[in-house]
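Written out below as structure tokens is the structure these notes cover.
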Amino acid sequence: MSFWIEALICLFLILGSLFALVGAIGLYRLPDFFTRLHGPTKATTLGVGGMIIASMIFFGSQGDGLSLHELLITLFLFITAPVSAHMLAKAAMQQRVKYIEKTQGKPWDQ
């Protein structure tokens, strides 16, 4: 494998890992439920996407060609993450989960 392909794979792995780390830190550090939804749905989705792109480049350079598995994982991830976050937010609104004052879009009184 050439140096440039390895460098590109390393770049996507590092970027994906950094996005996943930022998502995990956001999930831990953000103050209320509604702001915590952004960590796993946005940053972690990009993190897994970067790792899947690195996997596609690696296995594509091995002579096997592009795998349908990586494309299906990417499609499944980008469809299910926003839908699950929306369902969690709607359920939290229904249960009137407490939020901090900085959270915008208050549909109910605490």
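Sequential numbering from 73 applies to the sequence shown in our numbering. Cβ coordinates follow ideal geometry from the N, Cα and C atoms, glycine included.
Residue 111: buried (16+ other C-beta within 10 angstroms of its C-beta) or exposed?
-> buried
Determine the DSSP secondary structure at residue 74, reduced to helix, strand or coil.
-> coil
Going by the beta-carbon positions, is the gap between residue 119 and residue 92 smaller than 7 Å?
-> It is a contact, given that the beta carbons lie within the stated cut-off.
Count the other CB atoms, across all protein chains shown, that sit within 10 Å of the CB of residue 126; report buried if there are 16 or more and exposed otherwise.
-> Looking at its Cβ environment, which holds 16 or more other Cβ atoms inside 10 Å, residue 126 is buried.
Residue 170 by DSSP, collapsed to three states: which one?
-> In the structure shown, residue 170 sits in coil (DSSP, three-state: anything other than H, G, I, E or B).
Are at least three pairs of beta-carbons, each pair with one atom in the segment 95–111 and one in the segment 151–167, less than 8 Å apart?
-> yes
What first and last residue would you give for the alpha helix (DSSP H) that runs through residue 118?
-> 116–133
Could you tell me the distance, in whole angstroms, from the CA atom of residue 73 to the CA atom of residue 156?
-> Near 39 Å, if we compare the C-alpha coordinates of residue 156 and residue 73.
Alpha carbon to alpha carbon, what distance is there between residue 123 and residue 94?
-> 15 Å
Going straight from the alpha carbon of residue 175 to that of residue 116, what length do you get?
-> 21 Å
Helix, strand or coil at residue 137 according to DSSP, with G and I counted as helix = Secondary structure of residue 137 (DSSP, three-state): coil.
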